[in-house]
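Peer 1:
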Amino acid sequence: MTDTDPASGEDTAHDSDQRDDPLPSVETHVEGVEVAPSIEDQPGLSTYEGRIGMLLQGESIQTHFIEMPPGLYLDEHAHETESMIMTLSGEWVLSARGERRHMTEGDLFWFGPGVPTGYEVPFDEDAYILIFKGEVMSDSAEAFVDSLRATDERLAEEAAEGTPFTFDDLPDDHPAIEFAESIGAR
């Protein structure tokens, strides 16, 4: 885990999202029904991919959020499981197989297992996305948080080796910058 936000460079060491136990606030309504109230207020971890937090985990499905900061750039990468992702607020750019699409509030997309997707925020405001996984990725919310921390440590190593995680890290002729300019984002 880092003490600075990779996209903004801001100190996050004292950020409430960096506490030791950033687990979701989940209420049991009745047996078999759980509620995560006010998902925008749920805790998360600041990572190279944005602020990420678990929301709910069922028997065979789970959901989490990513709050992506302005300037974020995540190269295309694959996941083992399929996902559906809804943009709750803000706007961003989806990259898949080199093709880019401007995503806005209310947009929903699906990607299959093993399909690489990238996430880019060439705008001045955060983008907040909700991810639905058709499989449980971790045994518990605690295990999910542990996996986030491990992933962030790996991404910190990649950043140290020169992998770009912000638009500022990209060359001027990079396709992400060219697309952002074509939609008036930079």
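Residue numbers (UniProt numbering): 1 to 186.
C-beta: ideal position from N, C-alpha, C; glycine also.
1. Thinking just about the alpha-carbon of each residue, which of Gly50, Pro69, Gly98, Tyr128 is nearest to the one in Met86?
2. Just the C-alpha distance for Pro113 and Glu181, rounded to the nearest angstrom, thanks.
3. With three or more beta-carbon pairs closer than 8 Å as the criterion, would you say the stretch 94-103 touches the stretch 168-179?
4. Does DSSP put Asp152 in a helix, a strand or coil?
5. Grouping DSSP H, G and I as helix and E and B as strand, with all else coil, what is Ile183?
6. Measuring CA to CA, which of Phe167, Leu155, His29 is closest to Asp124?
7. Check this for me: beta carbons of Ile131 and Thr63, under 8 Å apart or not?
8. Who are Thr166's beta bridge partners in DSSP?
9. Please list the terminal residues of the continuous beta strand (DSSP E) segment that includes Met34.
10. Rounded C-beta distance between Glu82 and Ala96? I'm assuming under 8 Å.
11. In this structure, what does DSSP give as the bridge partners for Arg51?
12. Near Pro22, which residues of its chain fall below 8 Å by C-beta distance, leaving aside the five closest residues on each side in sequence?
13. Would Trp92 pass as a contact of Tyr73 if the rule is Cβ separation under 8 Å?
14. Can you tell which of Glu34, Glu67, Leu56 has the C-alpha that lies nearest to the C-alpha of Gly50?
15. Our contact map puts Val115 next to Ala78 with C-beta atoms below 8 Å; I'd like the distance itself, whole angstroms only.
Peer 2: Walking through what the data contain:
1. Tyr128
2. It is roughly 31 Å from the alpha-carbon of Pro113 to the alpha-carbon of Glu181.
3. yes
4. helix
5. coil
6. Phe167
7. The answer is yes: Cβ separation under 8 Å.
8. According to the DSSP secondary-structure assignment, Thr166 is paired through a beta bridge with Leu72.
9. The residue asked about is misnamed: residue 34 is Glu in this sequence, not Met. Start and end: 33-35.
10. Wrong, their Cβ atoms sit about 13 Å apart, outside the cutoff.
11. Ser46, Glu67
12. Pro43, Gly44, Leu45, Gly53, Val145
13. no
14. Scanning Glu34, Glu67, Leu56 for the CA closest to the CA of Gly50 turns up Glu67.
15. 6 Å
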